[in-house]
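Participant: Here it is, the structure, as structure tokens.
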Amino acid sequence: QVQLVESGGGLVQAGGSLRLSCAASGSVFDINAMGWYRQAPGKQRDLVARISSGGTTTYGDSVKGRFTISRDNAKNTVSLQMNSLKPEDTAVYYCHLRKGLGREYWGQGTQVTVSS
2 QVQLVESGGG LVQAGGSLRL SCAASGSVFD INAMGWYRQA PGKQRDLVAR ISSGGTTTYG
62 DSVKGRFTIS RDNAKNTVSL QMNSLKPEDT AVYYCHLRKG LGREYWGQGT QVTVSS
């Protein structure tokens, strides 16, 4: 089993910045990718950003150029630097981890609220 603990959510004004962090513990071997998804009320959960064990990054179209994902493989952590935040970025952000055989794990979620 893998446990994911997120931190760093909160309330920020439009144009501001937040940094989310996620620490993985437990069976943290054979990790393929780590990343972040978000879900706004009444909407589906969408990819924000993910990073492979080799460092390849993928971003959702709406956050490209504003968000940056990074990963520390030695510490099994992933972070998301969010700049130029917009009200439409308001959502619950979930840390995600995928292992080599396709098993997936989710964090409990952290609320990000951007006020206009």
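Residue 68 in my numbering sits at position 67 of the sequence shown; the count goes up by one each step and never skips.
Note that CB positions come from ideal geometry on N, CA and C, so glycine has one too.
Just so it is clear, the structure is predicted and the values come from calculations on it, not from any experiment.
With Ser85 as the anchor, note down where its beta strand (DSSP E) starts and where it stops.
Facilitator: Here Ser85 belongs to no beta strand (DSSP E), and DSSP marks it neither H nor E.
Participant: Taking contact to mean at least 3 C-beta pairs separated by less than 8 Å, is the region 81 to 94 in contact with the region 33 to 42?
Facilitator: In this structure the region 81 to 94 lies against the region 33 to 42, because at least three pairs of beta carbons, one per stretch, are closer than 8 Å.
Participant: Rounding to the nearest angstrom, what Cα-Cα distance links Leu5 and Ala25 in this structure?
Facilitator: 5 Å
Participant: Exposed or buried, Gly43, counting other C-beta atoms within 10 Å across all chains shown (16 or more means buried)?
Facilitator: exposed
Participant: What does the alpha-carbon distance come out to for the pair Gly11 and Lys76?
Facilitator: 24 Å
Participant: Return yes when the Cβ of Lys87 is within less than 7 Å of the Cβ of Ala41, no when it is not.
Facilitator: no
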